[in-house]
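Residue numbers (our numbering): 182 to 283.
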């Protein structure tokens, strides 16, 4: 859990790294970042499946691509891991430092 003001700063930092201000102003949209915390493995798994799915809001934009992506999930997993972590973000890459606190 993060205090509201710290969460807002973190969201803004991530938003600026992913979408430069010039592009956001040019398209008239900004990134929407949602944050919900859960310890429930079922809820976490549901979110992972939802976030990694390909989706189109307007299929007429590119119908062949939309059909090719139907059912595609950009992620994979198998089984469970009960051992100690095998890797972690170290904070040596400046681009990912903002994500270390997430």
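Where a beta carbon is used, it is the ideal one built from N, C-alpha and C, also for glycine.
Since residue i and residue j should fall inside the 8 angstroms C-beta cutoff, what is the C-beta to C-beta distance between them, to a whole number of angstroms?
{"i": "residue 196", "j": "residue 212", "result": "5 angstroms"}
{"i": "residue 214", "j": "residue 192", "result": "4 angstroms"}
{"i": "residue 235", "j": "residue 248", "result": "Actually they do not touch by this definition, with Cβ atoms about 11 angstroms apart."}
May I ask which residues mark the beginning and end of the alpha helix (DSSP H) holding residue i?
{"i": "residue 188", "result": "185-199"}
{"i": "residue 207", "result": "202-208"}
I'd like to know whether the C-beta atoms of residue i and residue j end up nearer to each other than 9 angstroms.
{"i": "residue 216", "j": "residue 199", "result": "no"}
Per DSSP, which one or two residues make a beta bridge with residue i?
{"i": "residue 254", "result": "234"}
When DSSP labels each residue in this structure, what does residue i get in the three-state scheme?
{"i": "residue 228", "result": "helix"}
{"i": "residue 242", "result": "helix"}
{"i": "residue 266", "result": "coil"}
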